[in-house]
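2 protein chains.
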Amino acid sequence: MLITLKPIGIIYTPFKTKSGMPIQASGALGIKGHIVLNEEFLPGLADLDGFSHIILIYYFHKSMGYELLTKPFLDNTPRGVFATRAPKRPNPIGFSVVRNIKIEKNIIYIENVDILDETPLLDIKPYIPGFDIHKTEKNGWLENKTDDLNNIKSDGRFK
Amino acid sequence: MLITLKPIGIIYTPFKTKSGMPIQASGALGIKGHIVLNEEFLPGLADLDGFSHIILIYYFHKSMGYELLTKPFLDNTPRGVFATRAPKRPNPIGFSVVRNIKIEKNIIYIENVDILDETPLLDIKPYIPGFDIHKTEKNGWLENKTDDLNNIKSDGRFK
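In structure tokens form, the structure reads like this:
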């Protein structure tokens, strides 16, 4: 079974190359970018301005091939690729939550961007706390490694 | 530009049809399912057992076509499709966070499943609070609507 997708737009960011990029949106606080949505999809943006955070699903267009064991940014031990967010994956699909600053026609201005410039966008979904916030018990090899990236944990709501 | 993807496995759940399905994983508490990963990807599962929650990215294989304005389950007003989680989207890609119960070889037992039976799986990523929990200020048309998801089931409108 083959699944064929077509980008709905392009994500523009300050990151022209992979080196120097933040690891995740939470490490990209304040970094600005914008999405140019293909005009044919413009009506689909209705109501999106009501959400302060949006989920972007995109294609890692610079990732060639994949390794099933990979050394992630935050660790020096090879890990199973599905236990990491590394871009070289069997299906190179990326997922980031960014701040939705402003929408003007088919341009969406975003912030907290950890995405490479000119990345093909596949989907936009609203980030919904009631669906998307989960209380974890185990955080695997990342336990205690994301504290400096996470300034929300400190409000204690998930203790 | 066309992007071609190949499923990495199949998600099995109790939901043979769309009507009666929970709307999101948060309304699917306790519902069990399992993933059969293609054996070639088995090494990629290393370390995943350390995470209590995982992100599944999958293909809405029963969604034919899309509408840019759509009435979501929790509302009777048509909304822009990108401001909803409706399955009929320009790229029918689904996203759910489920509980990772147990991994045996290439079988992943999951819980809190809001996914249709035999759904093609595209990617697995670890759910990481430091990356994935965001404090929103605005929740759009969903404000105050997600409190009682446990009692709301799909009415089959996306058949």
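So the sequence lines, in the order shown, correspond to chains W and X. Quick note: our numbering has the first sequence finishing at residue 181, numbered continuously throughout. Quick note: our numbering has the second sequence finishing at residue 181, numbered continuously throughout. We treat Cβ as the ideally placed atom computed from N, Cα and C, and that holds for glycine.
Item	Value
Within-7 Å CB hit, residue 75 of chain W to chain X	yes
CB of residue 167 of chain X within 7 Å of CB of residue 96 of chain X, strictly	yes
Burial state of residue 36 of chain W, where buried means 16 or more other Cβ atoms lie within 10 Å	exposed
Terminal residues of the beta strand (DSSP E) in which residue 145 of chain W lies	141-148
The region 85-101 of chain W touching the region 121-129 of chain X, judged by at least three CB pairs closer than 8 Å	no
Minimum Cβ-Cβ distance from residue 124 of chain W to chain X less than 7 Å	no
Touch test, the region 52-60 of chain X against the region 142-159 of chain W, Cβ-Cβ under 8 Å, three pairs minimum	no
For residue 32 of chain W and residue 187 of chain W, the rounded distance between their alpha carbons	Only positions 23 to 181 of chain W appear in this structure, which leaves residue 187 of chain W out of reach.
When W/40, W/148, W/42 are compared against residue 71 of chain W, the one with the closest alpha-carbon	W/148
Helix, strand or coil at residue 72 of chain X according to DSSP, with G and I counted as helix	helix
Cβ neighbours of residue 85 of chain W in the same chain (closer than 6 Å, five flanking residues each side left out)	109, 110, 114
Candidates X/68, X/156, X/44: closest to residue 138 of chain X by CA position	X/44
Selected residue, minimal CA-CA separation from residue 40 of chain X, among X/106, X/82, X/131, X/155	X/82
N-terminal and C-terminal residue of the beta strand (DSSP E) that residue 152 of chain W is part of	Looking at the DSSP string, residue 152 of chain W is not in any beta strand (DSSP E); the run it does join, the alpha helix (DSSP H), is 151-154.
Best match in X/24, X/50, X/28 for proximity to residue 121 of chain X [C-alpha to C-alpha]	X/50
Opening and closing residue of the beta strand (DSSP E) in which residue 27 of chain X lies	25-27
Contact under 7 Å by Cβ, residue 105 of chain X with residue 154 of chain W	no
Boundaries of the beta strand (DSSP E) in which residue 122 of chain X is found, first to last residue	115-126
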